[in-house]
Amino acid sequence: MKAASRPMIEVSGVSKFFGSFQALSDVSFSVQDGEKVVIIGPSGSGKSTILRSINRLETIDRGRIVVNGMDVSDPKTDISKVREEIGMVFQSFNLFPHKTVLENLTLAQTVVRKRSKKDAEEIAMELLRKVNIAEKAAAYPAKLSGGQQQRVAIARSLAMNPKAILFDEPTSALDPEMIGEVLDVMKNLAREGMTMVVVTHEMGFAREVADRVIFMDHGRIVEEGTPEHFFTSATHERARLFLSQIL
Amino acid sequence: MSENPTTHTPIAVGDGAAIPHKSDAGLFTAWRIAFFGSILLCLFLAFGRPDQYLAIFKFIPDGILVTFKVTVGGILLAIVFGLIAGLGRISSNRLINGAASLYVEIIRGVPLLVQLFYIYYALGRFVKIPDIVSAIIAMAFCYGAYMAEIFRAGIQSIPKGQMEAALSLGMSRRQAMRQVILPQAFKVVLPPIGNEFIALLKDSSLVSILAVADLLRRGREYASESFNYFETYTVIALVYLIMTLFFSKLISMMEERLNEGR
Ligand SMILES: Nc1ncnc2c1ncn2[C@@H]1O[C@H](COP(=O)(O)OP(=O)(O)O)[C@@H](O)[C@H]1O
Ligand SMILES: [Mg+2]
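Those sequence lines, one after another, are chains Z and R. Under my numbering, the first residue of the first sequence carries the number 2, and numbering increases by one thereafter. Under my numbering, the first residue of the second sequence carries the number 48, and numbering increases by one thereafter.
As structure tokens, this is what we get:
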């Protein structure tokens, strides 16, 4: 059982190398239960790598990551147990193309959570209604638009009742007219109190939803603060430059 | 509809177009001429020249059945060997990976005929099993190595994000492989496996040198008794041709249906 004060996600002193290239340098931050943290930064700055380290899609070389009381950086930790509790939403959706929308949502529920097919389908349908796509339950992902696929991917993640969800540029692969529908779903989740770590270039979303914004550059966190602080008085040169380009 | 990043391009494994596609008009016409031509020629020989040919046609059906058994048994077992070795080839376990790679390298470096002799007599030394079973095992062991490469390529053709999405939902690597990767990979490997089936059908004639009474062996037996070498091998060649053309067609039709079903 975790102590009341312990953060949901705690990243401390994390470094990561790809060969001799250092992708992360001494990265530390924590995410409290219910908090929404937005990570921004130029391409190649290590945003995906840190996010993927949290559920050990990447292994780290130095430092420690603790999620919901479980030490992800300890090789002996059963990582499946961590991943069951932490959802992940990818830029490229990664729906299972050989399964219907409904089956995409029920697969892990039955295989991992050991729910009955009937229970899993009920939960799935409820979530599909929640992300406004219940009418596509029987369709295959290829028949859906990008925005629809991403909403299904979010619902698939929610079906595991995660304690937190990691979003890696969830709207970057979308046509502009579809970005809104996905952000709306995410804003709803935020309002319901979901713990979220979101890598995004959508500054409107950051401003509206984030409790905290983290700016990364060259594998380091160079600035961290509230959205107000960030958009009005970023101190770091690189952060100001980045913001001026993107806003 | 926006681009769908999860569609994968078919892999190019195998040795060319054994299987004609409707889109390839030239081959398609050639298939018809060859297939129906061979059947007509067989009918003509059997009933137009019955004194030389009818006896041959009566002598070989047993052999056709054996050839069929060796081919189907061989391909099914080769799929099992291939899947195991293919998974081994992508395993991060050094020992398993090494063993699978060694198997593939050795098999691909030794002529099929030599391997057949070797495995057949090696098996015969240690276990008492029917000749046809030894032949099937030997055939499958060889084809399994090629099949392993097909499975490896098929599995690796599935985008990395699929495994990552499955793992992120809490599935184990094994569950993800079974539920997410392999079902998609099977669709990708079906065309090259179809090609292997046709190739194996033809190579199965090699088992005739082991004591297995397949189509070619029956032909040799008949020819050496009757001295009608030319007539016998004409029939044998025609029957092989009809079989390969028939199965090629069947497989390409299966593929088309598979592609239509979404
Ligand atoms: N698997 C990998 N192998 C080698 N280099 C990688 C790999 N993944 C990421 N990198 C490198 O690490 C750096 C950070 O990547 P990433 O975390 O994806 O950046 P971001 O998400 O901020 O754009 C980049 O320079 C990228 O090229
Ligand atoms: Mg990224």
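From the three backbone atoms N, C-alpha and C, an ideal C-beta is built for every residue, glycine too.
Consider the Cβ of PRO98/Z: report whether some Cβ of chain R lies at a distance smaller than 8 angstroms.
yes
Determine the contact status of SER13/Z and GLY64/Z, defining contact as a CB-CB distance below 8 angstroms.
yes
Show which residues of chain Z have a CB atom less than 9 angstroms away from the CB atom of GLU211/R.
ARG53, LEU58, MET89, PHE91, ASN95
Relative to the C-alpha of ILE240/R, which residue among ALA200/R, ILE153/R, ILE154/R, LEU288/R is closest?
ALA200/R
Give me the chain R residues within the contact set of VAL112/Z, using Cβ-Cβ distance strictly less than 8 angstroms, ordered along the chain.
MET218, GLN222, GLN226, listed in chain order.
For the alpha helix (DSSP H) containing ASP109/R, name the first residue and the last one.
108 to 136
In chain order, what residues of the region 144 to 178 of chain Z put their CB closer than 9 angstroms to some CB of chain R?
So the list reads LYS144, LEU145, SER146, GLY147, GLY148, GLN150, ALA154, ARG157, SER158, ALA160, MET161, LEU167, ALA174, LEU175, ASP176, given in the order they occur along the chain.
Write down the C-beta distance between SER181/R and TYR167/R rounded to the nearest angstrom, noting that I regard them as a contact closer than 8 angstroms.
Contact holds; Cβ gap of about 5 angstroms.
Check whether VAL38/Z and PRO8/Z have beta carbons under 8 angstroms apart
no
Per DSSP, cross-strand counterpart(s) of LEU167/Z:
MET89/Z, VAL198/Z
beta-carbon GLU123/Z near ligand 2 non-hydrogen atom, thresh 7 angstroms
Every heavy atom of ligand 2 is 7 angstroms or more from the Cβ of GLU123/Z, so no.
Suppose the cutoff is 8 angstroms on Cβ atoms and the five residues either side in sequence are ignored; what does the same chain contact list for LEU214/R look like?
ARG220, ALA223
Is there at least one non-hydrogen atom of ligand 1 closer than 7 angstroms to the beta-carbon of PHE19/Z?
yes
For MET218/R, the three-state DSSP class (helix, strand or coil):
It is coil, neither helix nor strand.
If we call anything under 8 angstroms between Cβ atoms a contact, is PHE1/Z one with GLN150/Z?
Absent from the model: residue 1/Z. The displayed extent of chain Z is 2 to 248, so no value can be given.
CA-to-CA distance, VAL90/Z to ALA143/Z, given in whole angstroms
Put simply, the backbone Cα of ALA143/Z is about 18 angstroms away from that of VAL90/Z.
Taking the DSSP output, what are the residues bridged to LEU25/Z?
LYS17/Z
At 3 residues or longer, and completely inside the region 43 to 78 of chain Z: list those beta strand (DSSP E) runs for me, N to C.
63 to 68
Does the region 46 to 62 of chain Z come into contact with the region 167 to 177 of chain Z, if we say contact requires no fewer than three beta-carbon pairs (one atom in each stretch) closer than 8 angstroms?
Segments in contact, yes.
Regarding LYS249/Z and ligand 2, is the C-beta to nearest heavy atom distance less than 7 angstroms?
With chain Z running from 2 to 248 in the structure shown, residue 249/Z is simply not present.
Just mark ASN242/R as buried or exposed, buried being the case when its beta carbon has 16 or more other beta carbons within 10 Å.
It is buried - the Cβ of ASN242/R has at least 16 other Cβ atoms within 10 Å.
What would DSSP say about ILE184/R, mapped onto helix, strand or coil?
Taken through DSSP and simplified to helix, strand or coil, ILE184/R comes out as helix.
Please indicate yes or no: does the CB of PHE22/Z lie closer than 7 angstroms to some heavy atom of ligand 1?
yes
For VAL68/Z, is the classification buried or exposed, using 16 other Cβ atoms within 10 angstroms of its Cβ as the cut-off for buried?
Buried.
Taking 8 angstroms as the CB-CB limit, is GLY208/R close to chain Z?
yes
Secondary structure of PRO52/R, DSSP reduced to three states:
Note that PRO52/R scores a pLDDT of 46, beneath 50, so its modelled location is shaky; the value from the coordinates is reported in the next line. Coil, per DSSP.
Here's the rule I'm using: 16 or more other beta-carbon atoms within 10 Å means buried, otherwise exposed. How should ASN140/R be labelled?
Classification of ASN140/R: exposed, given that the 10 Å Cβ count is below 16.
Can you list the residues of chain R that LEU108/Z reaches, using a CB-CB cut of under 7 angstroms?
GLN226
Straight-line gap, THR196/Z to THR107/Z (C-alpha atoms, nearest Å):
Whole-angstrom Cα-Cα distance: 23 angstroms.
Within the continuous beta strand (DSSP E) that includes ARG213/Z, where are the two ends?
Residues 213 to 218.
Of the residues that make up the region 230 to 248 of chain R, which ones have a beta carbon closer than 8 angstroms to any beta carbon in chain Z?
Listed in sequence order: PRO230, GLN231, LYS234.
GLY45/Z: beta carbon under 7 angstroms from a heavy atom of ligand 1?
yes
Run down chain R in chain order and give the residues with a C-beta less than 7 angstroms from the C-beta of GLU250/Z.
No answer is possible for residue 250/Z: it lies beyond the span of chain Z, which begins at 2 and ends at 248.
Interface partners of SER234/Z on chain R, CB under 9 angstroms
The contacting residues do not exist; SER234/Z stays about 36 angstroms from chain R at best.
Contact residues within the region 69 to 85 of chain Z, judged by C-beta distance below 7 angstroms to chain R:
SER81, ARG84, GLU85
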